[in-house]
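Protein chains in written order, with the numbering used here: chain S, 1 to 372; chain X, 1 to 372. Notes follow once the structure below has been shown.
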């Protein structure tokens, strides 16, 4: 089986459409008019997806999504600021680690991996005697697949007048977010998750007022969103060589998102894929880490069967031979694995994946995957 | 004319082969065995190109080449260090700007844009009462096309026992460098210049001893070469999502470099392209900024004709319509433009480009491009 047909059931890089990949067959000059037009259109459309045209600027950045998260923290949180990260997983902790490296004072409001961030606890933290200057939250913690109540957290932050930074890496394009109803100072995501582009570029949607106040603040030249934005505004160009092929693929992917019916339609497709996956896996005896009410339709964590014949590497390999690439778990304690629902993948792919899981279990001699 | 056929005569992104672009038609899982094998092989081959297998580690990094330059400075120059940049152009000044942002003390040994870095002046600077902790130099200043005497500068640095950081962005893969004869602590380059890959990933070849001493030093999580390297060594994986398609294209590009006959053969092809370009343009009356002895066979700066009918944007557009994308000048003073010799381009492409220049001049009514 060639990788061309293999389905990536991961949190990204994920399976993209043939047309998205074919958009990379052309070499474009990074300062040529055609590429500048592609860049401008991508920036506009990303803003429009979040209803943020009037209030925010879209600042694309080379690199993985984490590069854009670091750039947002470094550009927006001043050296004498204080970042509070409401966290329930690895990506929340990563934001705190970034702040630490950048020398930005930071504290964690940490919850168990299976508990959604609690807006009331956040409200209490923001009302304390020394409130933080900035609040950060992850929309969907890809480490478990849990969906955090972004709207409620944003409302709490707005009431306390604390600027909110959102890591929407694994949700943007599939779960709706509207800056006019869900106020945020910055929202960070990347091309290669729910937007179904290829990896190599991230972006931040940043409130123009916050950006304007951030000149010279970032402790980095490459990861400075103020400078990057100023470059786009002044010349339409990227300051440093952009991944032209990746950006062209993103432009094509945004066309496909529109053709599919936008964020709502894509979210419905993922939700159906997620439903088929979870129902099928439960039929085989698997348990999900999360109750359905907390599950984002992005990636699902399944508990590993207690049967010692279940060895993740062998399980992974059996699925891979059958055409499916899955992900190891990322939990601190419980053995688990993850199967993604996002990308250019349909619910029938997930049905086939469940069948491949059943076959692989048979091959491994794991008869009852129930963990109890 | 579609961009598929347009020839990019720029310092990158440049024209790549169809096969390099077709390597991006597959979606690979970033933690899957196949992609890990591609990553390992790319890392090995980049080291081998510099004869650095025994002494250095190859640390690829997401983003443009500048991201890798910043990562090298942040990871290798400690907060109480002192970086001296021997500079004769925009990319040398950029290294100093990076050090400034990172809070690393830095000074510039600055020369005019048309003078190569002077090893004796560097030697004197390194012998001063308070010598710098690190020296940095750009191999070919893409802002003019000047070739700096890397071997002599490296010898001077080695004698003074000052670690050398080399920005070899626009030369690596075409001008030979051998770590066994030209000692350097770090050499930084990117996929999409003389290696003829696509943009989106850079890399640093770093002395293992220097890397081992750099734990926790980088003032960044994303741009930390120590952590990035440790990730590769521990798991074979990239810490953060890699641009899988871009890396696959680089692997293919390295195959093509080998098939062409390696760095020497590629350097010869570029030198021939450069010779044809310069001879043809001189025949039309153009003057090069640099004498031939200082010119790297990478990109050539031509002085703009004095004739007021020569308007760069119109000239650019005329060439573009004829299938060639060139670059504006980057000189502080003299009006100029640049034409690149690198990429999947032959001397006959350069011949055609010169013919297109002649036609475009006719169209603009510029009869004698001589500047005097």
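Ideal Cβ placement from N, Cα and C applies to all residues, glycine included.
Counting along the chain, no alpha helix (DSSP H) covers residue 178/X, and no H or E run does either. Residue pairing from DSSP places residue 167/X in a beta bridge opposite 138/X, 188/X. Residue 16/S places its beta carbon less than 8 Å from that of residue 197/S. Shown here, residue 232/S sits in a helix according to DSSP, grouped into three states. The beta carbon of residue 339/S sits no closer than 8 Å to any beta carbon of chain X.
The DSSP-derived three-state label of residue 54/S is coil. Neighbours of residue 24/X across chain S, judged by C-beta separation under 7 Å: 21, 24, 245. Excluding residues up to 5 positions away in sequence, 206, 208, 211, 229 lie with their Cβ nearer than 7 Å to the Cβ of residue 57/S in the same chain. In the displayed model, residue 226/S falls within a helix according to three-state DSSP. Residue environment for residue 344/X: buried (at least 16 other C-beta atoms within 10 angstroms of its C-beta). Counting along the chain, the unbroken beta strand (DSSP E) around residue 338/X starts and ends at 336-340. One thing to note: residue 333/S has its Cβ no nearer than 8 Å to the Cβ of residue 280/S.
Shown here, residue 31/S sits in coil according to DSSP, grouped into three states, outside any helix or strand. Within the same chain, and ignoring the five residues on either side of residue 85/S in sequence, the residues whose Cβ sits closer than 6 Å to its Cβ are 92, 95, 96, 108, 136.
DSSP places residue 361/S in no beta strand (DSSP E) but in the uninterrupted alpha helix (DSSP H) bounded by 347-364.
Between the beta-carbon of residue 112/X and that of residue 148/X there is about 13 Å, and that puts the pair past the 8 Å contact cut.
At a beta-carbon threshold of 9 Å, the residues of chain X lying near residue 98/S are 220, 221, 222, ordered along the chain. Proximity to residue 303/X across 260/X, 195/X, 312/X peaks at 312/X, based on C-alpha coordinates. Counting along the chain, the unbroken alpha helix (DSSP H) around residue 20/X starts and ends at 18-22. Collapsing the DSSP output to three states places residue 38/S in a helix.
Contacts with chain S at 8 Å (Cβ-Cβ) include residue 198/X. Sequence-distant partners of residue 82/S (beyond 5 residues in either direction) whose C-beta falls short of 6 Å from its own C-beta, in its chain, are 105, 132, 133.
When the five nearest sequence neighbours on each side are left out, the beta carbons in the same chain lying within less than 8 Å of the beta carbon of residue 269/X are those of 260, 346, 347, in order along the chain. Scanning the segment 271-303 of chain X from its first residue to its last, the whole beta strand (DSSP E) runs of 3-plus residues come out as 299-303. For residue 192/X and residue 199/X, the gap between their C-alpha atoms comes out near 5 Å. At least one beta carbon of chain X lies nearer than 8 Å to the beta carbon of residue 27/S. DSSP places residue 100/X outside any beta strand (DSSP E); the residue lies instead in the alpha helix (DSSP H), whose first and last residues are 90-101. DSSP lists 61/X, 190/X as the beta-bridge partner residues of residue 202/X.
For residue 262/S, no Cβ of chain X is located within less than 8 Å of the residue's own Cβ. At the C-beta level, residue 160/S and residue 127/S come within 8 Å of one another.
Beta-bridge partners of residue 260/X (DSSP): none assigned. Using beta-carbon distances, residue 118/X does not count as an interface residue toward chain S, since no partner is under 8 Å.
Between the segment 61-75 of chain X and the segment 217-226 of chain X there are three or more C-beta pairs closer than 8 Å, enough to call the two in contact.
The beta carbon of residue 170/X sits no closer than 8 Å to any beta carbon of chain S. Below 8 Å, enough C-beta pairs join the segment 288-306 of chain S and the segment 165-177 of chain S to call them touching: three or more. In the DSSP assignment, residue 110/X falls within the beta strand (DSSP E) that extends over 106-110.
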